[in-house]
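Take a look at the structure set out below.
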Amino acid sequence: MKAAVLNANEGRFDVEDVRIDIPKGREVLVDVKACGLCHSDLHLAEANYGVPLPAVLGHELAGVVREVGPDVRELKVGDHVVGSLVQFCGHCVSCLSGRTYQCEHPEETMRATSDGQRLTRMSDDKPVYTGWGTAAFAEQALVHENQLVKIPEAVPFPQASILGCGVITGAGAAINSADLKTGDTVVVIGVGGVGLNAIAGAKLAGASHIIAIDNQPAKEELARKFGATDFVNSGERDAVAVVKEILPRGADHAFEVIGLPVTTELAVQLVRPGGTAYLVGLHRPGQTFPVAGLDVIVRQVEVKGVFMGSSNIKHDIPMYADLYLQGRFNLDDLISREVNISEINEAYEDLKHGAIARSVITSF
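In the numbering used here, the protein residues as written are 549 to 912.
Written as structure tokens, this is what we have:
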């Protein structure tokens with residue numbers, strides 16, 4: 549089968565032939581119908597995060613179950629499913645408390661073999677790392693059932709794919725991590741796929757002010773479509789000054805979804821005394837960011853790391869799918885374009901420049 553293989557941390561993928569194994573245990577073989585191009589995969593392609601190479605990445609997965617392993621309990625052939633990189637065992641204290649995103653034994657979703665992989669390169673039988681446990685940049689994916697969620701067939705595959713990461717990360721940060729209340733005030737720094745979902749989640753939770761910040765003015769229309777009440781072009785204006793004009797005390801919550809030290813510092817500056825800055829964007833390995841001690845101590849500002857929107861995928865993904873079908877959650881405008889897997893590098897170049905929300909692989 550065709551797959552986009554990462555052979556080196558040089559920021560590009562090579563489309564190659566890869567062999568995939570049959571399902572074992574609780575594994576599920578999925579025909580991939582759509583896979584979103586998330587920035588997290590680009591981060592791993594450009595820098596060494598410790599991911600073994602060669603690897604097949606891709607984690608915003610939507611498809612149809614082709615075959616199931618002998619111990620699979622939740623899914624059957626023909627089910628429409630969404631995959632996620634949230635790996636959880638299901639029996640540790642965190643999982644039993646509903647906090648599957650904090651699982652203590654996520655490795656249990658991988659194979660207990662010498663290399664643990666489900667993919668093999670066709671030419672030399674060299675194991676290929678199963679990135680995120682999903683490896684969805686391929687025609688098929690072999691995934692543990694804990695990482696898959698059944699969804700209604702009425703949800704189109706491109707829209708369904710982004711439920712697995714962009715939606716639950718952004719909207720989940722607002723709804724789960726921040727536990728927004730009606731009337732709260734919000735700032736979202738970065739209006740990409742995750743940022744748009746943070747805006748949508750804040751709107752769904754009833755925020756009174758949702759200020760979107762980005763250095764590309766063309767994103768204002770999209771931000772407002774998802775629920776932003778205000779937009780700040782940080783390329784032309786001082787974001788702190790503009791936000792303080794709208795919210796003199798600062799925002800209750802600020803979401804940083806880019807993963808840069810300068811925007812992390814900005815998030816801390818934009819919250820009110822006692823407010824919280826949420827770090828949603830993925831930082832590079834070894835990267836640090838400055839936080840003023842007076843902000844933390846005197847202003848009592850909290851800084852909170854967020855992983856995958858604090859989401860329980862078995863609950864949250866079906867919820868967002870239902871809200872979409874009810875017309876209450878916007879997924880359609882997240883899809884900037886659909887591409888063939890051969891166009892993956894060009895699509896990621898577009899994402900680097902911030903001109904699009906999400907490209908989705910829909911053909912191979």
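We treat Cβ as the ideally placed atom computed from N, Cα and C, and that holds for glycine.
Work out the CA separation of Gly-822 and Gly-841 for me, nearest whole Å. 14 Å
Using the C-alpha atoms, what's the distance from Val-739 back to Lys-767? 7 Å
Return the chain-ordered list of same chain residues with a C-beta closer than 6 Å to the C-beta of Asn-781, the five sequence neighbours on each side being excluded. Pro-765
Given this structure, state the Cα-to-Cα distance separating Arg-885 from Leu-585, to the nearest angstrom. 11 Å
For the putative contact between Met-670 and Val-566, defined by C-beta atoms under 8 Å, what is the C-beta separation to the nearest angstrom? 6 Å
Neighbourhood of Pro-675 by C-beta, 8 Å cutoff - its chain only, sequence neighbours within 5 removed: Asp-663, Gln-665, Leu-667, Thr-668, Arg-669
Between Gln-848 and the rest of its own chain, which residues show a CB-CB distance below 7 Å, the 5 nearest in sequence each way excluded? Pro-821, Gly-822
If you draw a straight line from the alpha carbon of Asp-786 to that of Leu-818, how long is it in whole angstroms? 12 Å
Between the Cα of Arg-574 and those of His-587, Val-580, Glu-622, Val-604, spot the shortest distance and give me the residue it belongs to. Glu-622
List the endpoints of the continuous alpha helix (DSSP H) containing Glu-784. It is not in any alpha helix (DSSP H) - Glu-784 carries neither H nor E in the DSSP assignment.
Just how far apart, CA to CA, sit Asn-917 and Asp-673? Since the first and last residues shown for the chain are 549 and 912, residue 917 lies out of range.
Take the Cβ of Asn-596 as the centre, count every other Cβ of all protein chains shown within 10 Å, and call the residue buried at 16 or more, exposed below. exposed
For the alpha helix (DSSP H) that contains His-587, what are its first and last residues? 587-594
Would you grab the beta carbon distance between Gly-736 and Phe-803 for me? Rounded to a whole angstrom, and I think it's under 8 Å. The question names Gly, but residue 736 in the sequence shown is Val. Sure, about 5 Å apart at Cβ, within 8 Å.
My assumption, with CB atoms under 8 Å, is that Lys-581 sits in contact with Ala-610. Please give the rounded CB distance. Yes, Lys-581 and Ala-610 are in contact; Cβ-Cβ is about 6 Å, under 8 Å.
Output the residue ranges of the alpha helix (DSSP H) runs that lie fully inside the stretch 651-712 and measure 4 residues or longer, sorted by chain position. You should have 705-709.
Which first and last residues belong to the beta strand (DSSP E) in which Asn-745 is found? Not the beta strand (DSSP E): Asn-745 falls in the alpha helix (DSSP H), residues 741-753.
Taking Ala-603 as the reference, give the member of Val-613, Thr-678, His-628 with the closest Cα. The candidate whose alpha carbon is nearest that of Ala-603 is Thr-678.
Does DSSP put Asp-843 in a helix, in a strand, or in coil? Three-state result, Asp-843: helix.
Cutting at 6 Å between CB atoms, please list the residues of its own chain near His-801, excluding the five before and the five after it. Ala-726, Val-734, Thr-824
Could you check the C-alpha separation between Pro-700 and Arg-614 for me, to the nearest Å? So the alpha carbons of these two residues sit roughly 17 Å apart.
If you draw a straight line from the alpha carbon of Val-805 to that of Lys-751, how long is it in whole angstroms? Spanning the two alpha carbons is a distance of roughly 17 Å.
Please go through the same chain and pick out, in chain order, the residues whose beta-carbon is closer than 7 Å to the beta-carbon of Gly-638, but skip the five residues on each side of it. Counting only Cβ-Cβ distances below 7 Å, and skipping sequence neighbours, we find Asn-694.
So, His-756 versus Gly-731, is the Cβ gap smaller than 8 Å? In the sequence as presented, His is not what sits at residue 756; that position holds Ser. Closer than 8 Å, so yes.
Do Gly-775 and Ile-758 have their CB atoms nearer than 8 Å? yes
How is Ala-551 classed by DSSP in three states: helix, strand or coil? In the structure shown, Ala-551 sits in a strand (DSSP, three-state: E or B).
Kindly indicate the opening and closing residues of the alpha helix (DSSP H) around Ser-642. Going by DSSP, Ser-642 is part of the alpha helix (DSSP H) stretching over 641-644.
Which parts of the stretch 557-623 are runs of the beta strand (DSSP E), unbroken and 3 residues or longer, counting only runs that do not cross its ends? Runs of the beta strand (DSSP E) inside the stretch 557-623: 562-568, 575-584, 608-616.
Under a three-way DSSP split, which group does Ala-776 fall into? coil
Check whether Val-851 and Val-816 have beta carbons under 8 Å apart: yes
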